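For the sequence shown, position 6 matches number 6 in our numbering, and the numbering has no gaps at all. We put the beta carbon where it would ideally sit given N, CA and C, even for glycine. Note that the structure is predicted; figures quoted are calculated from it, not measured. Below you'll find the structure, written out as structure tokens, and then a few comments.
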Amino acid sequence: MTTRLVVGLDGHASGERALDFAIKQARLIGDCDLVVAYVIEWSPFSFQTAEENAQRHKRREEEISTVMTRVIDPAVKKLEGLGLKASGKVRHGDVADTLNAIAKEQSAAQIIVARSSEGGFSSRIFGSSTFNLVKGADLPVTVVQ
């Protein structure tokens, strides 16, 4: 049976550390798929004008495309170049809730994230996001230094 790991990326060296750890784990496991994920933090509670709401969908699609090109596609290519099975996901939402949801949807065995970052995802991760992920995840979470 294939084991699936979800790796939270942030576009920085910290995400690379999480990815490197996931590579080591995947090699130890053997039959393993890696799902690299990036969460664009977004709140449904932001208040916007009618004009901003009209542009919202377009902006979200542009953000997803940018993250796929700059973060996810290179990570998947790196993993596949190493002979590993990989796919990528980009979502908008709360970091902890969204990573947990992706892991559940993928029937993952574990979520791997970095502890600290130069910015973005992981700078939030060991603030409330990592705490919330570790506290509320439906599966094991590994936090990489």
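Cα separation between residue i and residue j?
i    : j    : result
A54  : V39  : 22 Å
R60  : R91  : 9 Å
R70  : G136 : 29 Å
P140 : H57  : 33 Å
V134 : S128 : 10 Å
E51  : A96  : 30 Å
L34  : R115 : 19 Å
S87  : A75  : 9 Å
Q48  : W42  : 13 Å
N132 : K77  : 30 Å
I23  : D138 : 22 Å
D73  : G15  : 14 Å
V67  : L99  : 16 Å
K104 : T142 : 16 Å
K85  : G30  : 11 Å
Buried or exposed for residue i, please, with buried defined as at least 16 other CB atoms from any protein chain shown within 10 angstroms of its CB.
i    : result
D94  : buried
G83  : exposed
F21  : buried
L9   : buried
R124 : Confidence at R124 is low in this model, with a pLDDT of 48, below 50, so the placement of that residue should be treated as unreliable; the coordinate-derived value is given next. R124 is buried by the Cβ-count criterion.
A37  : buried
A151 : There is no way to answer for residue 151, as the model of the chain reaches only from 1 to 145.
Could you give the first and the last residue of the continuous beta strand (DSSP E) run that contains residue i?
i    : result
V35  : C32 to E41
T69  : Segment: none, T69 is in no beta strand (DSSP E) and carries neither H nor E.
T2   : Where T2 is concerned, there is no enclosing beta strand (DSSP E), given that its DSSP letter is neither H nor E.
A137 : Neither: A137 is in no beta strand (DSSP E) and is coded neither H nor E.
T142 : V141 to V144
I need the boundaries of the alpha helix (DSSP H) containing residue i, first residue and last residue.
i   : result
S14 : A13 to I29
For residue i, collect the residues of the same chain with a Cβ closer than 6 Å to its Cβ; drop the 5 residues on either side in sequence, then sort them by chain order.
i   : result
C32 : T3 and A26
A18 : V7, I112, V113, A114 and V144
By Cβ distance below 8 Å, which residues in the same chain neighbour residue i in space, the five residues on each side in sequence not counted?
i    : result
I107 : Here the sequence assigns Ser to residue 107, which means Ile is not the residue at that position. Closer than 8 Å at Cβ, skipping near neighbours: R4.
- Fully enclosed by the stretch 72–122, which beta strand (DSSP E) runs are 3 residues long or longer? 85–93 and 110–114
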